[in-house]
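Numbering (this note's numbering), first residue to last: 89 to 508.
Every residue, glycine too, gets a C-beta built ideally from N, C-alpha and C.
To start, the structure itself, in structure tokens.
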Ligand code: LLP
């Protein structure tokens, strides 16, 4: 197990003090289950390593936007990183503060900018010149100055999956490194913008520190140039992206990662600079599992299939990125294991959750798909008119429903048919 919040007691998987099987019995499957303790410990690892420095943590809401999850972080004093006005609404509903929130994203609409300015977000991470103009206009119409940071594309290779690598020249994100200095001058000249920072986000599931050090070096070179042009940069936002262990990856420990980066700022003579982190996956990924029940075992000539009640609509990562998630039995069996492809009921060959997994299972058994807390429920859909799973938060010996299972009738409640 990756995290002691998820562990076996006498062959039975537990989430903190609660047997996973009892959660499945009580709330049904598929079922997302989060551990408050695992969320808290991951957040504290960041916050403790930031203590005593002008460094702050902004939880990337996109990784897991359940209100209870956001609320756990808000209570710990977290800031947030949002990419839509929908995420802003969630942060506020969960007790987070707009003044601790940064607004990222490549395509913010004028309406979203207005809402965020009115709410008083801490900073807009702007990604293009047209976006600077749009924000300036919105701010002017409200008689405000919008705090901005430019997302610069440092053109470093984060050495991760191409779909989740964002810091290369070929990606749609950020202002090209070579254009950044001139873009800062342009931003500086806009009456309703207040240039306060610089940021980057080089990718996700990054398991080495070196791409970050390269990115920080490039950003600090730029900061020095921008400041020599007479503008002042308060903060440097290094984005998110720290990876987790899904299988045998060995990402740096959160505390070591933060300390290494902050030490690098010092080494470069920028120890007093405010530093923002925007972690998502490393806070929530290993704090959640997806429980599912085996509907049928289907032995085949080439493959054996374990058909389970969770599918690509519940957890899209395997289908989308060929992502690996460990799959373990909820109750361990002594029987000998066989190789199975663990697949869902959706009518697509891409609907698989794990391939060639050694499992000792029988029909009706429960399985836990691990490391499902990040980009799990948030990317789920209603494909095949499947109601989305319930979400549960375990806190010690207690378990609470933090999102009810959808009912099928909700899925088409807002649809209508032609009158004749
Ligand atoms: N900040 C920005 C601007 C981002 O775009 C992202 C993620 C983060 C922070 C948080 O990154 P993290 O710490 O979670 O790596 N759906 C994909 C991951 C997409 C990540 C998008 N951006 C997956 O399931 O692997």
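Determine the direct distance from the alpha carbon of residue 457 to that of residue 41, and round the result to whole angstroms. Absent from the structure is residue 41, since the part of the chain shown begins at 89 and ends at 508.
Tell me the rounded alpha-carbon separation between residue 359 and residue 169. Going by C-alpha positions, residue 359 is about 23 Å away from residue 169.
Sequence-distant residues of its chain with Cβ nearer than 8 Å to residue 338 (five each side left out): So the list reads 295, once near-sequence residues are dropped.
Thinking C-beta only, is residue 233 closer than 8 Å to residue 281? Yes.
Under 8 Å, Cβ to Cβ, is there at least one residue of chain C near residue 475? Protein chain content of the structure displayed is limited to a single chain, and chain C is not contained in it.
Out of 481, 494 and 174, point me to the one whose CA is closest to residue 468's CA. Selected option, being the one with the closest Cα: 494.
Going by DSSP in three states, residue 509 sits in which element: helix, strand or coil? The structure shown has nothing for residue 509, since the chain only spans 89 to 508.
In whole angstroms, give me the CA-to-CA distance for residue 513 and residue 309. This structure does not reach residue 513, given that the chain is present from 89 up to 508, and the question cannot be answered.
By DSSP, does residue 144 sit in helix, in strand, or in coil? In the structure shown, residue 144 sits in a strand (DSSP, three-state: E or B).
3-residue-minimum beta strand (DSSP E) runs that sit fully inside the segment 261-328, ordered along the chain: The segment 261-328 contains these whole beta strand (DSSP E) runs: 281-287 and 323-325.
Could you tell me which whole beta strand (DSSP E) segments of length 3 or greater appear in the segment 179-215? Complete beta strand (DSSP E) runs here, min 3: 189-191 and 211-214.
I'd like to know whether the C-beta atoms of residue 328 and residue 148 end up nearer to each other than 8 Å. Contact check for residue 328 against residue 148 passes: the beta carbons are separated by less than 8 Å.
Identity of the residue in 122, 426, 366 and 303 nearest residue 443 by Cα: Minimum Cα distance to residue 443 is reached at 426.
Between the C-alpha atoms of residue 431 and residue 122, what's the straight-line distance to the nearest angstrom? When rounded, the distance between both Cα atoms is 23 Å.
Whole-angstrom distance between residue 507 and residue 369, CA atom to CA atom: About 47 Å.
Looking at the unbroken beta strand (DSSP E) that takes in residue 332, where does it start and where does it end? From DSSP, residue 332 is part of no beta strand (DSSP E); its letter is neither H nor E.
Unbroken beta strand (DSSP E) runs of length 3 or more, entirely within the segment 370-429: which are they? Listed in chain order, they are 376-386, 393-396 and 415-417.
Do three or more CB pairs link the segment 347-366 to the segment 394-408 at distances below 8 Å? Not touching, per the Cβ criterion.
Measuring only from the beta carbon, is residue 200 closer than 7 Å to any heavy atom that is part of the ligand LLP? It does not: the Cβ of residue 200 is nowhere closer than 7 Å to a heavy atom of the ligand LLP.
I'd like to know whether the C-beta atoms of residue 180 and residue 207 end up nearer to each other than 8 Å. Closer than 8 Å, so yes.
Apart from the five residues just before and just after residue 162, which ones in its own chain have a Cβ nearer than 6 Å to its Cβ? Excluding residues within five positions, the ones whose Cβ falls inside 6 Å are 182, 183 and 184.
At a cut-off of 7 Å, would you count residue 150 as near the ligand LLP, judging by its Cβ distance to the nearest heavy atom? Yes - the ligand LLP has a heavy atom lying nearer than 7 Å to the Cβ of residue 150.
Burial state of residue 265, where buried means 16 or more other Cβ atoms lie within 10 Å: By the beta-carbon neighbour count (other beta carbons within 10 angstroms, threshold 16), residue 265 is buried.
Taking the alpha helix (DSSP H) that residue 134 falls in, what are its first and last residues? Start and end: 124-138.
Output the distance between the C-alpha atoms of residue 201 and residue 470, rounded to the nearest integer angstrom. When only Cα atoms are considered, residue 201 and residue 470 end up about 29 Å apart.
Closest by CA to residue 175, which one among 104, 158, 454 and 166? When each option's Cα is compared against that of residue 175, the closest is 158.
So what does residue 167 bridge to, in DSSP terms? In the DSSP assignment, the residues bridged to residue 167 are 146.
Inter-residue spacing [alpha-carbon to alpha-carbon] between residue 386 and residue 448: Distance between the alpha carbons of residue 386 and residue 448: 14 Å.
So, at 7 Å on beta carbons, what are the nonlocal neighbours of residue 105 in its own chain, with the 5 sequence-adjacent residues on each side left out? Cβ neighbours of residue 105 beyond the five flanking positions: 484 and 485.
Quick check on the burial criterion: 16 or more other C-beta atoms within 10 angstroms. Buried or exposed for residue 422? Exposed, by the Cβ-count rule.
Identify the continuous beta strand (DSSP E) that holds residue 219 and give its terminal residues. That residue, residue 219, is in no beta strand (DSSP E); its alpha helix (DSSP H) goes 217-229.
Note the first and the last residue of the continuous alpha helix (DSSP H) segment covering residue 108. First-last of the alpha helix (DSSP H) with residue 108: 108-115.
Under the three-state reduction of DSSP, which class applies to residue 234: helix, strand or coil? In the structure shown, residue 234 falls within a strand segment according to DSSP collapsed to helix, strand and coil.
For a test of the three-state rule: what should DSSP assign to residue 89, helix, strand or coil? With a pLDDT of only 48 at residue 89, under the threshold of 50, the placement of this residue in the model should not be trusted, and no figure is reported.
Are the CB atoms of residue 116 and residue 419 within a distance shorter than 8 Å? Taking 8 Å as the Cβ cut-off, residue 419 and residue 116 do not qualify as a contacting pair.
Work out the CA separation of residue 261 and residue 134 for me, nearest whole Å. Here the C-alpha atom of residue 134 lies approximately 25 Å from the C-alpha atom of residue 261.
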